[in-house]
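The structure under discussion appears below in the form of structure tokens.
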Amino acid sequence: MMAKSIGWITGGMLLAVSQGVQAETSLTIRAVIIAPPPCVINGGSTLDVPFGNDLLTTRVDGVNYRRDVPYTVTCDSPFSNALTLELKGTVASFDSRVLSTRKADLGVKLFVNGADWPLNTAVNFTYPNFPVVQAVPVKRAGSKLTGGAFDATATLVVDYQ
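In our numbering, the protein residues as written are -9 to 151.
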């Protein structure tokens, strides 16, 4: 009877040792990525450039009717004062530096601090000294504009350098 008990105890120990060697479990990793604080343009509202209702088609020449683009930017605790400003939009079919409008042969040219500002090109600046942005209606060379309302859509983006 003692021999049977020893054999049974030895077998049980081998079984326990072989089962306890390997184990696996799932691992979950959680983290929070902290992005620099965002800046808000124009309080989150749409920007409107006030060209008015009295533009003469014969005077649209890329000089007349130049207007400031009234925008504000608020950055809460900026990560850095080195920022960029970019206007993203669809280029006009007649000039890759001009924003397209829904009116044939008419576009809007932009300027930053008095210099040409090609679309989809970032300009560096230091917060809180924001660039002066201006817009002026332009037409395709040699075209004759028709009267009526026009609009253009683009996205103004402020980002960290």
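The beta carbon of each residue, even a glycine, is placed where N, CA and C say it ideally should be.
Select from the options the residue whose C-alpha is nearest the C-alpha of residue i.
i	options	result
Gly52	Leu89, Pro60 and Leu75	Leu89
Phe101	Gly34, Glu76, Ala72 and Val148	Glu76
Ser160	Pro118, Thr145, Phe140 and Gly138	Coverage of the chain is limited to positions -9 through 151, which leaves residue 160 absent and any answer about it impossible.
Asp141	Gly34, Tyr55 and Gly97	Gly97
Ala112	Val81, Asp95 and Asp149	Asp149
DSSP has residue i in a bridge; who is on the other side?
i	result
Thr116	Ala72
Gly97	Ser90 and Val128
Asp139	The identity of residue 139 in the sequence shown is Ala, whereas the question assumes Asp. The partner list for Ala139 (beta bridge, DSSP) is empty, contrary to what the question assumes.
Val147	Glu76
Ile31	Val63
Arg57	Ala125
Asp85	Ala82
Val102	Ala105 and Val123
Taking 8 Å as the threshold (C-beta atoms), are residue j and residue i in contact?
i	j	result
Thr64	Cys29	yes
Thr48	Gln151	no
Arg87	Asp106	yes
Val122	Tyr55	no
Val50	Leu135	yes
Val59	Lys99	no
Gly138	Lys93	yes
Gln124	Arg20	no
Return the CA-CA distance between residue i and residue j, expressed in angstroms with no decimal places.
i	j	result
Gly42	Asn71	35 Å
Thr0	Leu17	In this predicted model, Thr0 has a pLDDT of only 46, less than 50, meaning its place in the structure is not dependable enough to derive any value.
Ser133	Leu46	14 Å
Pro40	Phe69	33 Å
Gly34	Ala13	54 Å
Ala144	Pro108	13 Å
Asn110	Asp38	19 Å
Phe115	Ile31	15 Å
Asp44	Val22	53 Å
Ser83	Thr91	10 Å
Val81	Thr15	55 Å
Asp85	Gly104	19 Å
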